[in-house]
Amino acid sequence: MPLDLTALHEAELLRGALRGPWPPAVLRACRRALPRLLALPGPERLEFLRATAAAEEPEALAALAEAGPGIWALAWETGERPTAFHVCPARHDGPVRAVAVGEFGGRTFVASGGDDHVVRLRDAFDQSGPDLEGLTASVRALAFGVVDGRPLLAGGDHDGTIRTWDPLTGARGFARETAAGHPSALAFVAAEGGRVLLAVAIGYDDDEILAADHDGRVDLLDPVTGELVRELRAEWDETVLDLAVAKLGERAVLASLGYDALYVWDPATGERLGSAGLSEVWPDLENEGFAPPLLVGQWNGRPEIGVVVRIEHPPDYTVQSREAVYLNLQNLADRARGRGFDRDQGPVAMTTHAGQNVMLVANHTDTGRAWERPAQAVITYLGGRTDVYLDADTRLITSAAFGSLEGGLCLATAGLDGTVQLWDARTPHEHRRIGYGGSGLALFTTAQGAPALAVGTHSDTVLVVDAASGEKIGSVGCRQSGRGHDCDLSPYDHCCRGLAAGNVAGRPYLASSGCAAYGTMLWQPLSKIRGIARKDDATGGRVTFGTLDHSSPTALAFGEADGRVLLAAGAEVWDPVTQERVARLPRWGFALSESAFGRAGDRPVLATRRDNEVDLWHPLTGRHLQVLDVDDTGEGLAMGRIADRDVLAVGSGKYVHLWDTAAWERREWIPHTSTVTCLSLIEHGDRALLVTGTEDGTVTLWDPVSQRRLAVLGAFARPVRSVAATTVRGSLHVYGQSHYGRVLAWRVDAP
1 MPLDLTALHE AELLRGALRG PWPPAVLRAC RRALPRLLAL PGPERLEFLR ATAAAEEPEA
61 LAALAEAGPG IWALAWETGE RPTAFHVCPA RHDGPVRAVA VGEFGGRTFV ASGGDDHVVR
121 LRDAFDQSGP DLEGLTASVR ALAFGVVDGR PLLAGGDHDG TIRTWDPLTG ARGFARETAA
181 GHPSALAFVA AEGGRVLLAV AIGYDDDEIL AADHDGRVDL LDPVTGELVR ELRAEWDETV
241 LDLAVAKLGE RAVLASLGYD ALYVWDPATG ERLGSAGLSE VWPDLENEGF APPLLVGQWN
301 GRPEIGVVVR IEHPPDYTVQ SREAVYLNLQ NLADRARGRG FDRDQGPVAM TTHAGQNVML
361 VANHTDTGRA WERPAQAVIT YLGGRTDVYL DADTRLITSA AFGSLEGGLC LATAGLDGTV
421 QLWDARTPHE HRRIGYGGSG LALFTTAQGA PALAVGTHSD TVLVVDAASG EKIGSVGCRQ
481 SGRGHDCDLS PYDHCCRGLA AGNVAGRPYL ASSGCAAYGT MLWQPLSKIR GIARKDDATG
541 GRVTFGTLDH SSPTALAFGE ADGRVLLAAG AEVWDPVTQE RVARLPRWGF ALSESAFGRA
601 GDRPVLATRR DNEVDLWHPL TGRHLQVLDV DDTGEGLAMG RIADRDVLAV GSGKYVHLWD
661 TAAWERREWI PHTSTVTCLS LIEHGDRALL VTGTEDGTVT LWDPVSQRRL AVLGAFARPV
721 RSVAATTVRG SLHVYGQSHY GRVLAWRVDA P
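Everything in the sequence shown is counted per full-length UniProt numbering, starting at 1 for the first residue and increasing by one.
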């Protein structure tokens, strides 16, 4: 019996079906795609669900095929496997500083807050929920609790406001202002007679600490009225960074971490049960971008609490790493050194699940360029179970919290990029990202007339695959082995920065750029030699086009002008046959992100993109012709013909803009659901088509004449890096590459 997917057509039915009888793989695919599914018209959701299954939940494809054939089929795939299972229940306009997970009445909730002053409360299954107001500054702390059988959510902001809400109704509770400082951490803790109190850690900015005599303290509040019940004060001036609740025998204890000391309290009496000086705890919260967490768990049958310390290594003590130090809650002087971490990584959160300590380890420093790299995060089971690598596209992890989901373990992470990710920590794909992935796609035709696809990788290696089957047929790279160049740059600065392909005099050519090239390298990809030899150096193996600033340009493109094949490399235009520079554009080559050749009426044109403008040039003279303003948050640049007109297509924010290059008339095109990251204009048969990729991982096929969406082909869990399309044996093949190098090919049967 075919799978009944009629619930896809109605938003409320769809949310209800997430707990229904669909096969588990279909449910997982639906949960992954839910926000994007709801953004589409009902009739288009099945195709998008199939696209998500093809990219991330292949086990669901067979079940979805029973619902009826689609207009495309997955031709082949290569590169990395699907990501660990996760969903993105919320996005913020700015960095997220706090996240919390709570479970009530069989439902799991995720709360998040950050610099946009909004607390977003979401159901973990259907991802619905309200945006809670009442805080007026950056949200710095969140916590769930249960008081008198009713759930509560507490939040605190950088202005010192503390507020509570009912997570089931969204109704507001009390509001209170701190006397000084701001909440840096919140926790609900049991006190005398089963009474529950809200613990508020008070933090200070550096200038506040210097300007006034502030004692480090934790305020214990009545969670219903907000009345101050008790103050827990440290011995000296310091800010409190984190709180943790632990069990010591039959009673709950509260631990607080400052820059210099750890305290353990009895919240029922206010008695300090112990303290430990921690002069080596990482001292600079402002530079670190996070508060070192307290790690509570069970070791050798006894409750312990861990802190993160800085280790300086001999002989010069300039090399630093981090290490977890665990203290016995019953005797804080009893300490044991634990796992070590590198300088840019360390624990972010920890819990105990099914008798095992489970820790999230992630990069959470903004040193160097770490803030713009993908997060390097792993769920580590401290008991022998395989580590689980989190490989969605989330940036620097600023906060994380473990929780319960259907009786199992889940993890919520908050990022500097505004995303909130919810992970299933029980049954994810066992997958580890090998590299930092893709750097572009480029199509060309082999000397035998067969279509081939060049795939840029995280090293300087460019793979060449058969466009019809995906089978590898060659590679080029700085090393003769083709394995790539070993360099000391960060993985984000992968060697293959730019990639372009073209045919010159019936021969295929590839152009690539990267740190190993120190310029642009030109290759014959399927020849017996490694590259193209210079006229005066028959053993050189490749042609390297140098630049005055020794940069490796990202913007590479092959094109034609007045019957002459040209290669645009950054701000320079070269003849790839004679290896002569034809023109130089008065722009810095490394600042140009994209380039494309085309025509404007009866003259050739080279378009280049730099930040929020697109410039048009005459490619043979370098003369500037036109400048167009675009949104600098988008990417994608292509020139071609639509309805017998020469056009320029540009990804501009969440739109694709089309210009008629003869009259330079612009029209704003159909909005996308996310920022456009790449696009390609093609001709298939007698019609023009447009393929776009977006930041939310969607690959879409459009009719640029009618401005109609023809099909959603791909739904990666990560942003799309590059798209391309060509005709293979009479059928349209579309290719999409994620930022991490995974490539999918779709054969479109009825566009």
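Where a beta carbon is used, it is the ideal one built from N, C-alpha and C, also for glycine.
Everything numeric in this text was worked out from a predicted model, so none of it was measured.
> How about the segment 131-139 and the segment 192-201: do they share at least three Cβ pairs that are nearer than 8 Å?
Replying inline: With the cut-off at 8 Å, the segment 131-139 and the segment 192-201 do not touch.
> Which residue's Cα is closest to the Cα of Arg721: Glu635, Arg666 and Ala745?
Replying inline: Here residue 721 refers to the residue found at position 721 of the sequence shown. Closest option to Arg721, Cα to Cα, is Glu635.
> residue 753 to Val582, Cα distance in whole Å?
Replying inline: Residue 753 lies beyond the range of the chain shown here (1 to 751); nothing can be said about it.
> Skipping 5 residues on each side, what residues in its chain have a beta carbon closer than 7 Å to that of Pro89?
Replying inline: The residue you call residue 89 lines up with position 89 of the sequence shown. Counting only Cβ-Cβ distances below 7 Å, and skipping sequence neighbours, we find Val110, Arg122, Ala124, Gln127, Val420 and Leu422.
>> Three Cβ pairs or more, each shorter than 8 Å: is that satisfied between the segment 220-228 and the segment 239-253?
In response: The segment 220-228, when compared against the segment 239-253, does not touch it at the 8 Å Cβ threshold.
>> If we require 3 or more residues per run, which beta strand (DSSP E) segments fall completely within the segment 607-635?
In response: If we require 3 residues or more, the beta strand (DSSP E) runs fully inside the segment 607-635 come out as 613-617 and 624-629.
>> Across the segment 21-31 and the segment 48-68, are there enough close Cβ pairs to call them in contact, namely three or more that are closer than 8 Å?
In response: Verdict: yes, contact present.
>> Just to check my reading of the structure: Ala324 and Pro347 have Cβ atoms closer than 8 Å, yes? What is that Cβ distance to the nearest angstrom?
In response: What you label residue 324 is simply residue 324 of the sequence shown in a count that begins at 1. What you label residue 347 is simply residue 347 of the sequence shown in a count that begins at 1. Rounded, the Cβ-Cβ distance is 6 Å, consistent with contact.
>> My parser needs the alpha helix (DSSP H) runs of 4 or more residues fully inside the segment 2-54; what are they?
In response: Fully enclosed alpha helix (DSSP H) runs of 4 or longer: 11-17 and 24-38.
> So is Ser363 buried or exposed if we call it buried at 16+ other beta carbons inside 10 Å?
Replying inline: Taking the sequence shown and counting its residues from 1, the one referred to as residue 363 is at position 363. Just to set this straight, residue 363 is Asn in the shown sequence, not Ser. Around the beta carbon of Asn363, a 10 Å sphere encloses 16 or more other beta carbons of the protein chains shown; the residue is thus reported as buried.
> Are the beta-carbon atoms of Leu679 and Thr661 separated by less than 8 Å?
Replying inline: Position 679 of the sequence shown, counted from the first residue, corresponds to residue 679. Position 661 of the sequence shown, counted from the first residue, corresponds to residue 661. In this structure, Thr661 does not lie closer than 8 Å to Leu679 by Cβ.
> Considering only C-alpha positions, which residue in the set Glu312, Ile379, Gly297 and Tyr263 is nearest to Ala333?
Replying inline: On the sequence shown, residue 333 is found 333 positions in, with the first residue counted as 1. Residue Tyr263 is the option with its Cα nearest to Ala333.
> Smallest Cα separation from Trp669: which of Asp696, Met639, Thr677 and Arg708?
Replying inline: Position 669 of the sequence shown, counted from the start, is the residue given in the question as residue 669. Trp669 has its Cα closest to that of Arg708, out of Asp696, Met639, Thr677 and Arg708.
> Can you tell me the Cα-Cα spacing of Gly470 and Gly736, whole angstroms?
Replying inline: Numbered from its first residue, the sequence shown carries residue 470 at position 470. Numbered from its first residue, the sequence shown carries residue 736 at position 736. The straight-line gap from Cα to Cα measures roughly 12 Å.
> Which word fits His9, buried or exposed, when buried means at least 16 other C-beta atoms lie within 10 angstroms of its C-beta?
Replying inline: Translated into positions along the sequence shown, residue 9 becomes position 9. By the neighbour-count criterion, in which a residue is buried when 16 or more other Cβ atoms sit within 10 angstroms of its Cβ, His9 is exposed.
> Where does Gly506 sit, in a helix, a strand or coil, going by DSSP?
Replying inline: Mapped onto the sequence shown, residue 506 falls at position 506. In the structure shown, Gly506 sits in coil (DSSP, three-state: anything other than H, G, I, E or B).
>> Using C-beta distances below 6 Å, list every residue in its chain close to Ile153, excluding the 5 sequence neighbours before and after it, in chain order.
In response: The count along the sequence shown starts at 1 and reaches residue 153 at position 153. According to the sequence provided, residue 153 is Leu. The question's Ile does not apply to it. By the criterion of a C-beta distance shorter than 6 Å, Leu153 is surrounded in its chain by Ala111, Phe144, Trp165 and Pro167, once the five residues flanking it on both sides are discounted.
> Which whole-angstrom value is the C-beta distance of Ala715 and Ala55, which I expect to be below 8 Å?
Replying inline: Taking the sequence shown and counting its residues from 1, the one referred to as residue 715 is at position 715. Taking the sequence shown and counting its residues from 1, the one referred to as residue 55 is at position 55. Ala715 to Ala55, Cβ: 5 Å. Contact.
> Mind pulling the beta strand (DSSP E) runs of 3 or more residues that sit fully within the segment 650-735?
Replying inline: Those beta strand (DSSP E) runs which fall completely within the segment 650-735 and span 3+ residues are 655-660, 665-668, 676-684, 687-694, 698-703, 708-715 and 720-728.
> Under 8 Å between C-beta atoms, does Glu580 make it to chain B?
Replying inline: Any reference to chain B falls outside this structure, which holds one protein chain only.
> Are the Cβ atoms of Ala425 and Leu411 separated by less than 8 Å?
Replying inline: As a first step, residue 425 must be located in the sequence shown, where it is residue number 425. As a first step, residue 411 must be located in the sequence shown, where it is residue number 411. In terms of Cβ geometry, Ala425 and Leu411 form a close pair [threshold 8 Å].
> Ala199: which of Ile162, Asp466 and Ala179 sits nearest, CA to CA?
Replying inline: In the sequence shown, residue 199 corresponds to position 199, counting from 1. The shortest C-alpha separation from Ala199 is found at Ile162.
>> By DSSP's criteria, Glu323 is part of a beta bridge. Which residues make up the other side?
In response: Looking up residue 323 in the sequence shown gives position 323. For Glu323, which the question treats as bridged, DSSP gives the partners Val309 and Gly340.
> Tell me which same chain residues have a C-beta within less than 6 Å of the C-beta of Leu257, skipping the five on either side of it?
Replying inline: Reading the sequence shown from its first residue, position 257 is the one you call residue 257. Contacts found: Leu241, Asp242 and Leu294.
> If you count every other CB in all the chains shown that lies within 10 Å of the CB of His624, and 16 or more means buried, which is it?
Replying inline: In the sequence shown, residue 624 corresponds to position 624, counting from 1. Exposed: under 16 other Cβ atoms inside 10 Å.
> Tell me which same chain residues have a C-beta within less than 6 Å of the C-beta of Leu3, skipping the five on either side of it?
Replying inline: Counted from its first residue, the sequence shown places residue 3 at position 3. Ala63, Glu66 and Ala67, listed in sequence order.
> If you compare alpha carbons, which of Arg97, Pro23, Glu80 and Asp93 is closest to Leu61?
Replying inline: As a working mapping, residue 61 is identified with position 61 in the sequence shown. Checked all of Arg97, Pro23, Glu80 and Asp93; the closest Cα to Leu61 is Pro23.
> Quick one, which of Glu231, Ala745, Phe85 and Pro719 has its alpha-carbon nearest Thr269's?
Replying inline: On the sequence shown, position 269 is the one that residue 269 refers to. Proximity to Thr269 across Glu231, Ala745, Phe85 and Pro719 peaks at Glu231, based on C-alpha coordinates.
> When burial is assigned at 16 or more other CB atoms within 10 Å of the CB, is Glu406 buried or exposed?
Replying inline: Sequence index remark: in the sequence shown, residue 406 carries index 406 (1-based). Sixteen is the threshold: since fewer than 16 other Cβ atoms of the shown chains lie within 10 Å of the Cβ of Glu406, the residue is exposed.
> Count the other CB atoms within 10 Å of the CB of Arg97; is the residue buried (16 or more) or exposed (fewer)?
Replying inline: Here the question's residue 97 lines up with position 97 in the sequence shown. Under this definition Arg97 is a buried residue.
> Whose C-alpha, out of Arg666, Ala643 and Thr698, is nearest the C-alpha of Thr677?
Replying inline: Numbered from its first residue, the sequence shown carries residue 677 at position 677. When only C-alpha atoms are compared, the closest one is Thr698.
> Fully enclosed by the segment 174-252, which alpha helix (DSSP H) runs are 4 residues long or longer?
Replying inline: Listed in chain order, the complete alpha helix (DSSP H) runs (minimum 4 residues) inside the segment 174-252 are 206-211.
> If Val189 sits next to Val146, beta carbons under 8 Å apart, how far is it from one beta carbon to the other, in whole angstroms?
Replying inline: By 1-based counting over the sequence shown, the position of residue 189 is 189. By 1-based counting over the sequence shown, the position of residue 146 is 146. Not confirmed; about 12 Å, so no contact.
> Can you list, in chain order, the stretches of the beta strand (DSSP E) that have 3 or more residues and sit fully within the segment 548-603?
Replying inline: Restricted to the segment 548-603, the beta strand (DSSP E) segments that are unbroken, complete and at least 3 residues in length are 556-561, 564-569, 572-575, 580-584 and 594-600, listed in chain order.
>> Using the three-state DSSP reduction, which class does Trp371 fall into: helix, strand or coil?
In response: Position 371 of the sequence shown, counted from the start, is the residue given in the question as residue 371. Since pLDDT at Trp371 reaches only 41, below the 50 mark, its modelled position is unreliable, and the value read off the structure follows with that caveat. Trp371 carries a helical assignment under DSSP once its states are collapsed to helix, strand and coil.
>> To the nearest angstrom, how far is the alpha carbon of Gly741 from that of Val723?
In response: The residue given as residue 741 occupies position 741 in the sequence shown. The residue given as residue 723 occupies position 723 in the sequence shown. Just so you know, the alpha carbons of Gly741 and Val723 end up roughly 12 Å apart.
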